[in-house]
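First to last, the protein sequences are chains A and B. Per our numbering, residue 44 is the first one in the first sequence, and the count goes up by one each step. Per our numbering, residue 424 is the first one in the second sequence, and the count goes up by one each step.
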Amino acid sequence: GEDVEQSLFLSVREGDSSVINCTYTDSSSTYLYWYKQEPGAGLQLLTYIFSNMDMKQDQRLTVLLNKKDKHLSLRIADTQTGDSAIYFCAEIDGGFKTIFGAGTRLFVKA
Amino acid sequence: GAGVSQSPSNKVTEKGKDVELRCDPISGHTALYWYRQSLGQGLEFLIYFQGNSAPDKSGLPSDRFSAERTGGSVSTLTIQRTQQEDSAVYLCASSLVINSGANVLTFGAGSRLTVL
């Protein structure tokens, strides 16, 4: 079945870049997503990438997709304390079922 | 409504009791999803609805769990004879399904269930 894997924790200093990695198994995924969850809240979409693209940039966020290795990454430039949250990688199967990874908790040290 | 609304936001119940969790999706969103978020377990898919039908119920943990959706809108997740391991945050999301586009989910704030 589908599976999405990501590391559980990442700690960076304020101002540094953060890179959160994810691997997925479903090669038929048409879109891949990054969601953000702040404490006590539901998930919010950060960005997504279509499977025929290898990079997408949106202000401080850069998404890289290596479809051959089924590897997705999210880079946050100039990380701020407000970026501290849980980041979820997700893929969508051939239908409309979205599968999430376990989430990477990002700690930003001032 | 303006967003996905879930109720109750917090529920404490005794082991063995039944609970109902409600989700009110964004008006016009055809797809509705239930996920469970447990400490250290990430986000576990439970079920999703397309309109009133559930094409995929594969994530429901046991036959104590059921869900329904009526009128293509509100959904109820029911857990019968609750157990302590059912304690978690239950998240609902909805989306406007567009075949050629990205299926972006909008989440509610969740219902935190504690089974004593």
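Beta carbons are placed, not taken as given, at the ideal position from N, Cα and C, and that holds for glycine.
Of B:LEU462, B:LEU469 and B:GLY439, the smallest CA-CA separation from B:THR499 is found for B:LEU469. Contiguous beta strand (DSSP E) elements confined to the region 473-519 of chain B occur at 476-479, 488-492, 498-502 and 511-518, taking only those with 3 or more residues. Contact residues of the region 76-91 of chain A toward chain B are TYR76, TYR78, GLN80, GLY83, ALA84, GLY85, LEU86, GLN87, LEU88 and TYR91 (C-beta to C-beta distance below 9 Å). B:SER518 has a beta carbon lying within less than 9 Å of a beta carbon in chain A.
DSSP places A:LEU53 inside the beta strand (DSSP E), whose first and last residues are 52-56.
Among the residues facing chain B, A:THR141 is included, as its CB has a counterpart in that chain under 9 Å away.
Where A:ARG118 is concerned, the enclosing beta strand (DSSP E) starts and stops at 114-119.
Here the region 67-78 of chain A does not lie against the region 424-438 of chain B, with fewer than 3 beta-carbon pairs under 8 Å apart.
Using a Cβ-Cβ distance cut-off of 8 Å, the region 99-106 of chain A and the region 80-87 of chain A are not in contact, since fewer than three pairs of beta carbons, one from each stretch, lie closer than that value. At a cut-off of 9 Å, the C-beta of B:GLN473 has a neighbouring C-beta in chain A.
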